[in-house]
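A.B. asks: The opening residue of the sequence shown carries number 75 in our numbering; numbering runs sequentially from there.
All C-beta atoms in this analysis are idealised placements derived from N, C-alpha and C, irrespective of residue type, glycine included.
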Amino acid sequence: MFITMGYMVTADPAASSYWYGSGDDEHTAAALLAALRDYRAAEADLQRRTQAQMRLSDNELLAVGIVARSAQAGDLLQPGELARLLGLSTASVTGLIDRLEKAGYVERRPHPSDRRKLALAPTSHADARATLSGVHEGIIRAVEELAPDEIAGAMKFLKHMTRSVQDILVATQANPTVPGDSARAEPAREEPARSA
75 MFITMGYMVT ADPAASSYWY GSGDDEHTAA ALLAALRDYR AAEADLQRRT
125 QAQMRLSDNE LLAVGIVARS AQAGDLLQPG ELARLLGLST ASVTGLIDRL
175 EKAGYVERRP HPSDRRKLAL APTSHADARA TLSGVHEGII RAVEELAPDE
225 IAGAMKFLKH MTRSVQDILV ATQANPTVPG DSARAEPARE EPARSA
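1. Roughly how far, in whole angstroms, is the beta-carbon of Val167 from the beta-carbon of Leu160, given that I think they are within contact range, below 8 Å?
2. Does the beta-carbon distance from Lys191 to Gln240 come in below 9 Å?
3. Can you check whether the CB of His185 is closer than 9 Å to the CB of Leu156?
4. How long is the line joining the alpha carbons of Ile213 and Thr197, rounded to whole angstroms?
5. Take Thr164 and list the residues in its own chain whose beta-carbon comes closer than 8 Å to its own, dropping the five residues that flank it on each side.
6. Reducing DSSP to helix, strand and coil, say where Glu218 ends up.
7. Please report the distance separating the alpha-carbon of Ala228 from that of Ile140.
8. For Arg215, collect the residues of the same chain with a Cβ closer than 6 Å to its Cβ; drop the 5 residues on either side in sequence, then sort them by chain order.
9. Specify the secondary structure class of Leu192 as computed by DSSP and reduced to three states.
10. Please return the same chain residues whose Cβ sits closer than 8 Å to the Cβ of Asp99, not counting the five positions on each side in sequence.
11. Which class does Arg129 belong to by DSSP, given the choice of helix, strand or coil?
12. Which of the three DSSP states, helix, strand or coil, is assigned to Pro153?
13. When you compare each of Val244, Ala103, Leu194 to Arg143 by their alpha carbons, which one comes out closest?
14. In whole angstroms, give me the CA-to-CA distance for Leu107 and Leu232.
15. Do you know how far the Cα of Leu120 is from the Cα of Glu271?
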């Protein structure tokens, strides 16, 4: 057990030294990353419960969030843009929007400047508001409890973590090999046919 940043942390020194080393800085890093993992696990649990309460699949819940955020930002989200953001085909997104519209979470509206197009808008579905409003209020309260320098530090940390993960994604996209998998490491080359 050690104290870092005012918090008492229980850590297995052998386990943390495997990944981070054994100094105080490494223990602090391990504690911070453990706290981030705890948050991500809690957020995943909350997402699962929200999905169950709203009776939505992963993509449907993502779509509701995207449509709501676009509306809050004053943007007119079109079905094709939603398909791009979700990485789905337009046919799949059409079915998804149909289900969300039938459930009362999203509605299609004529585009104000081009009647050939449609825009997506969130509805004022009571169940969605009841499910998500408590979550939103709790997050706002948590942020309000932080001092400005704590918020700045948290933002800096999260931006660094985001950049690190994005760098890893780019690197693994460029070289998607699996360690020890020689079959994937280099694609098989066909020998040119030899004339007899």
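C.D. replies: Taking the geometry as given:
1. That pair is a contact at about 7 Å.
2. The Cβ atoms of Lys191 and Gln240 do not sit closer than 9 Å to each other.
3. Going by C-beta atoms, Leu156 is not nearer than 9 Å to His185.
4. Rounded to whole angstroms, Ile213 and Thr197 show a C-alpha spacing of 23 Å.
5. Counting only Cβ-Cβ distances below 8 Å, and skipping sequence neighbours, we find Pro153, Gly154, Ala157.
6. Three-state DSSP puts Glu218 in a helix.
7. Answer to the nearest angstrom: the Cα atoms are 24 Å apart.
8. Once the five neighbours on either side are set aside, Arg215 has no close Cβ partner at all.
9. The answer is strand: DSSP assigns Leu192 an E or B state.
10. Nothing meets the Cβ criterion.
11. Of the three classes helix, strand and coil, the one that applies to Arg129 here is coil, per DSSP.
12. Note: Pro153 maps to helix in three-state DSSP.
13. Comparing Cα positions, the closest option is Leu194.
14. The alpha-carbon atoms of Leu107 and Leu232 are separated by roughly 11 Å.
15. The question about residue 271 has no answer, for the chain in this structure spans 75 to 270.
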